[in-house]
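To start, the structure under review is shown below, and the notes come after it.
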């Protein structure tokens with residue numbers, strides 16, 4: 001160890017007004033970090049509610065001809081589950097993570113429109129409250145896809161269906177405003193030197209997520225408005241008896257619904273692309289290919305919606321076109337998978353919890369991607385559509401592709417948000433329980449679907465091995481839930497007793513690790529010049545050069561003085 | 570070996586063709602699955618951090634990346650070609666077999682529709698499938714009234730002759746349903762305001778079970794459908810008996826209606 005210690009430059013720019021304290025400060029805040037925390041906490045609560053609904057669904061299906069819940073309750077449960085997980089968990093959780101980390105990663109001091117940002121959050125909360133208020137009356141029961149005529153006034157007269165419509169409107173408005181904000185922030189507020197080719201891949205993903213939201217959400221907003229006026233104001237958009245068309249809904253819904261899948265998984269891809277290089281101690285393999293494939297997936301995602309409609313009366317030319325466009329989207333997705341594995345290749349992989357969740361993501365998302373190819377072959381889809389095979393597929397895609405990266409993000413960024421480390425032991429336990437839980441729950445569901453069991457049925461007869469397969473799936477769901485519970489324990493425990501993290505515990509690559517943990521209200525007193533896609537590596541190298549001390553040699557990373565010292569790098 | 574991992578088939582040629590297309594996809598998928606998962610596990614085990622190991626600072630490899638992009642595209646083009654090769658035998662119904670029902674009689678129907686797929690000789694037994702919360706109704710040809718009424722029909726259980734090409738005309742009277750008998754081929758939505766078409770041809774007499782495959786309300790799980798395939802002679806007898814039952818029921822209803830009219834003097838009581 002060299003004994004020479006570089007003199008710490010003294011910078012006292014951080015003499016801004018003190019941070020506001022108390023609960024009112026949360027209600028009035030426009031700080032992107034506080035809004036991000038509120039997003040994450042709120043959406044995690046909804047994740048738990050959606051999880052409880054899933055467990056009730058699995059309990060009902062744990063035995064054939066079960067009578068635990070009524071058919072009405074069962075339909076309400078899966079409608080609430082799907083809607084909650086998509087509109088109140090995955091999409092806004094990604095917005096929450098982006099809220100917190102996007103300005104930090106690009107070296108900005110806040111979002112472009114801080115008050116609009118606060119409005120986005122409060123609209124999301126309002127949407128969630130309106131939707132969940134319906135459980136005190138009649139929750140919706142037409143599925144998260146709410147196809148008319150079933151969701152119309154005749155077959156779903158209860159107000160729960162309207163609560164669903166308002167949820168789509170409120171969370172949709174929240175997401176559009178958030179997307180505009182993310183786009184404006186990325187376009188205008190990057191640190192000096194951060195050209196498009198040096199944008200962190202998570203930021204590329206959020207950029208694409210924002211564009212997808214801006215294009216897709218107005219379509220669903222229009223569709224649910226038409227549904228609302230059909231239900232209450234005498235229009236007939238979806239009523240065939242009056243010249244309307246139920247297929248119009250399917251087209252509008254899936255024009256939004258398919259890009260929505262990429263809205264949910266692309267930020268997950270971004271998270272994985274950030275975490276893998278840090279723990280493999282290697283640059284990301286094929287930065288440009290990953291960024292380009294993100295954009296390609298987003299574009300192609302708008303051309304494939306009719307693959308949700310292979311069994312409807314549509315012309316054969318469309319069947320063929322959509323099969324081919326769905327195949328095409330598998331190419332950039334496959335490229336990403338191989339790029340991630342190549343990032344691990346010849347690295348020195350540190351098996352920390354975030355890395356485990358990312359590896360689990362690759363392993364499980366692959367299954368969802370491959371089963372998607374079966375569903376794209378439209379004659380095969382005629383057998384598999386609307387069965388448990390599809391349920392298995394979409395859960396491998398969304399639990400594998402979005403939930404596991406979200407957990408990776410929790411373990412990776414918790415030290416930055418709170419200044420404390422999560423327990424590695426509990427983290428690994430949580431990962432293994434969740435990984436095993438996902439495999440046990442959903443792998444067998446492919447077989448259940450192939451046996452001929454449709455989705456969204458509250459009971460099934462005791463024929464063949466259906467009872468055994470469903471019981472296995474139910475047991476898996478509880479293993480998965482216990483894994484989530486371990487993370488909840490880990491988080492609450494570490495808030496008080498976690499090891500103090502320091503600014504850069506992982507020796508990571510991006511700018512959020514340049515500032516203190518948690519960051520001050522203004523994020524950075526001085527924003528460094530960005531010279532590559534891995535600015536923190538440059539900064540550590542520069543310190544090493546100047547001080548002669550191997551930067552970050554002592555684990556804990558405190559060797560990069562937080563905030564202000566790297567003037568002129 | 571992988572029987573539990575394939576869709577049901579064995580009832581009708583289209584189901585069998587879908588099954589074989591599924592198997593081709595499955596074999597390709599399994600190869601890719603094991604290659605990629607294998608590479609992942611190998612990388613995780615082989616390149617874990619060890620004392621003295623240094624990570625290779627590689628940023629990419631253009632030739633490798635172009636190579637695997639092209640490889641992925643080639644595999645999918647191959648799968649598309651195989652799908653097109655199989656498509657005809659899945660979509661287009663064959664002629665009825667020599668032992669099939671005589672379609673020259675009143676049950677035979679010729680079509681001029683361009684949406685509906687027909688066997689080469691144009692002859693098939695066409696059954697209209699009507700989805701309704703929560704029961705399937707099947708209407709057979711043989712309307713004896715000019716407005717198309719009076720045709721024989723049945724509920725839940727569809728009886729069909731073996732060795733005969735059956736075309737289905739799928740409609741719905743309320744919400745979206747989906748017709749599906751796994752062993753007889755793919756499923757097709759019954760969308761109100763639209764006609765959807767499929768076909769099947771059963772060789773072996775037997776009962777084939779299915780159920781509504783699209784959420785249609787609280788009774789969705791109990792919207793059962795069965796197809797009972799019987800030899801043509803037995804089918805003709807069943808159809809005649811079904812007609813008789815319907816005629817008897819209509820006659821009984823007529824009597825009841827007349828009686829009710831006489832009792833109440835209420836004139837016409839529509840749709841008793």
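Residue numbers (our numbering), protein chains in the order written: chain B, 1 to 569; chain W, 570 to 841.
Where a beta carbon is used, it is the ideal one built from N, C-alpha and C, also for glycine.
Note that the structure is predicted; figures quoted are calculated from it, not measured.
Interfacial residues, the segment 243-254 of chain B to chain W, with Cβ spacing under 7 Å
245, 246 and 247
Quick one: which residues of the segment 805-825 of chain W get their C-beta closer than 8 Å to a C-beta of chain B? List them in chain order.
none
With a cut-off of 7 Å, does the C-beta of residue 457 (chain B) fall near any C-beta of chain W?
yes
List, in order along the chain, the chain B residues whose C-beta lies closer than 9 Å to that of residue 765 (chain W)?
311, 312 and 313
Whole angstroms is fine: what's the gap from residue 528 (chain B)'s alpha carbon to residue 283 (chain B)'s?
20 Å
Under a CB-based cut-off of 7 Å, is residue 285 (chain B) close to chain W?
yes
Please check if any C-beta of chain W sits within less than 7 Å of the C-beta of residue 305 (chain B).
no
Taking a cut of 7 Å between CB atoms, which residues from the segment 589-600 of chain W lie near chain B?
590, 591, 594 and 598
I believe residue 629 (chain W) touches residue 286 (chain B) by the beta-carbon criterion, under 8 Å. Please report the beta-carbon distance rounded to the nearest angstrom.
4 Å
Compute the Euclidean distance between the alpha carbons of residue 265 (chain B) and residue 199 (chain B), then round it to the nearest angstrom.
19 Å
Cutoff 7 Å; reference residue 270 (chain B); Cβ partners in own chain excluding five residues on either side:
201, 202, 204, 205 and 206
Once DSSP output is grouped into helix, strand and coil, what is the label at residue 793 (chain W)?
strand
At a CB-CB cut-off below 9 Å, which residues of chain W make contact with residue 71 (chain B)?
786, 787, 788, 789, 790 and 791
Output, in sequence order along the chain, the residues in the segment 80-111 of chain B whose CB is closer than 9 Å to any CB in chain W.
none
By the 8 Å beta-carbon criterion, what residues does the segment 382-393 of chain B contribute toward chain W?
382, 383, 384, 385, 386 and 387
Alpha carbons only, please: which of W:833, W:826 and W:808 is nearest the one belonging to residue 670 (chain W)?
W:808
In whole angstroms, give me the CA-to-CA distance for residue 103 (chain B) and residue 184 (chain B).
11 Å
Determine, using beta carbons only, whether residue 705 (chain W) comes closer than 7 Å to chain B.
no
7 Å is my cut-off, CB to CB: does residue 605 (chain W) come that close to chain B?
yes
Taking Cβ positions, are residue 39 (chain B) and residue 114 (chain B) nearer each other than 7 Å?
no
Measure from the alpha carbon of residue 595 (chain W) to the alpha carbon of each residue in W:779, W:612, W:576 and W:830, then state which is nearest.
W:576
Tell me, which residues are paired with residue 726 (chain W) by DSSP?
W:795
Tell me which residues of the segment 741-758 of chain W have at least one Cβ-Cβ distance to chain B shorter than 8 Å, keeping chain order.
743, 744, 745, 747, 749, 751, 754, 755, 756, 757 and 758
Does the Cβ of residue 687 (chain W) have 16 or more other Cβ atoms within 10 Å, making it buried, or fewer, making it exposed?
buried
For residue 470 (chain B), which residues in chain W fall below 9 Å Cβ to Cβ?
Those do not exist, as residue 470 (chain B) stays about 13 Å from chain W at its closest Cβ, beyond 9 Å.
Helix, strand or coil: how does DSSP classify residue 465 (chain B) here?
coil
Rounding to the nearest angstrom, what Cα-Cα distance links residue 694 (chain W) and residue 774 (chain W) in this structure?
17 Å
Which runs of the alpha helix (DSSP H), 4 residues or longer, sit entirely within the segment 160-239 of chain B?
160-188 and 201-232
Nearest residue (CA-CA) to residue 481 (chain B), options B:24, B:58 and B:28:
B:58
Taking C-beta pairs closer than 7 Å, name the residues in chain B that residue 783 (chain W) reaches, listed in chain order.
386
With 7 Å set as the bound, which would you pick, yes or no: does the beta-carbon of residue 347 (chain B) sit closer than that to a beta-carbon of chain W?
yes
Looking at the secondary structure, which residues open and close the alpha helix (DSSP H) in which residue 602 (chain B) lies?
Residue 602 (chain B) cannot be examined here, being either before or after the span of chain B that is shown, 1 to 569.
Segment limits, alpha helix (DSSP H) that includes residue 833 (chain W):
801-833
Could you compute how far the alpha carbon of residue 592 (chain W) sits from the alpha carbon of residue 648 (chain W)?
11 Å
So, is residue 195 (chain B) buried or exposed, given that buried needs 16 or more other C-beta atoms within 10 angstroms?
exposed
Could you tell me whether any Cβ in chain B is nearer than 7 Å to the Cβ of residue 699 (chain W)?
no
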